[in-house]
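Numbering (the numbering used here), first residue to last: 1 to 198.
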């Protein structure tokens with residue numbers, strides 16, 4: 001829970017930089033990309049914190065007696081929640097409207113900066129869930145290495161899914177297919193013995 005909340009706080013900070021201070025989203029992401037790792041190391045006293053609680057390991061691996069990896073269930077739950085919010089609530093329509101044309105959305109009465117801020121908070125919460133699952137896989141909290149270069153994979157997954165990087169209409173299913181395509185390629189290369197440094 002603390003990891004998910006930390007992700008939400010980071011998303012809120014990033015959202016404030018973009019929506020209130022009007023900093024370019026890529027620049028704001030790079031700022032937090034560097035600062036958050038340093039803050040994580042500061043909280044851990046510049047050491048890797050190992051987690052000795054056995055049930056915590058189930059989240060990133062397997063539940064005893066279940067052959068399906070637990071991260072798949074976590075991904076399905078997050079996808080269902082986000083898909084429900086985007087498809088059945090007014091927030092999904094507002095997000096799409098602000099993404100297509102924030103000025104027109106503001107003229108029509110939508111507070112664009114609040115919607116933009118909410119999007120960053122939601123993304124931060126999802127990143128927090130991913131961080132908790134990743135730390136559960138390696139039984140430790142290593143803020144310096146967990147999720148390293150994942151932001152590039154996320155951008156690639158969105159692009160492969162046919163979504164516009166400039167905002168506007170989006171396809172959640174396409175992004176999911178793009179993410180699984182990247183993971184399939186990565187797993188295949190690792191299985192073939194290709195070095196990750198190349």
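C-beta: ideal position from N, C-alpha, C; glycine also.
Annotation: residue 12 to residue 36 spans about 13 Å, alpha carbon to alpha carbon. Between residue 71 and residue 60 the beta-carbon gap is near 6 Å, inside 8 Å, which marks them as a contact. Using a 10 angstroms sphere on the CB of residue 120, the tally of other CB atoms reaches 16 or more, which defines it as buried. Sorting 28, 53 and 29 by C-alpha distance to the C-alpha of residue 141 places 53 at the top. In this structure, residue 85 lies away from residue 93, with their beta-carbon atoms at least 8 Å apart. Looking at the backbone, the Cα of residue 25 and that of residue 3 are separated by about 23 Å. Minimum Cα-Cα distance from residue 122 among the listed residues 79, 133 and 111 corresponds to 79. With distances taken between CA atoms, residue 18 lies nearest to 118 out of 118, 46 and 137.
Pairing residue 128 with residue 147 gives a Cβ-Cβ distance that is not under 8 Å.
Inclusion of residue 161 and residue 171 in the CB contact set at 8 Å is warranted, their separation being smaller than that value. For residue 106, the enclosing alpha helix (DSSP H) begins and ends at 102-107. With fewer than 16 other Cβ atoms from the protein chains shown falling within 10 Å of its own Cβ, residue 76 counts as exposed. By the C-beta density criterion, residue 143 is buried, having at least 16 other C-beta atoms within 10 angstroms. One thing to note: residue 40 has its Cβ no nearer than 8 Å to the Cβ of residue 124. Between residue 159 and residue 182, the CB-CB gap reaches or exceeds 8 Å. With a threshold of 16 other beta carbon atoms within 10 Å, residue 98 meets it and is buried.
When the five nearest sequence neighbours on each side are left out, the beta carbons in the same chain lying within less than 8 Å of the beta carbon of residue 82 are those of 122, 126 and 172, in order along the chain.
Between residue 22 and the set 152, 153, 191 and 114, the nearest pair of CA atoms involves 114.
Apart from the 5 residues on each side of it in sequence, residue 177 sits with its Cβ closer than 8 Å to the Cβ of 160 and 161 in its chain, given in chain order.
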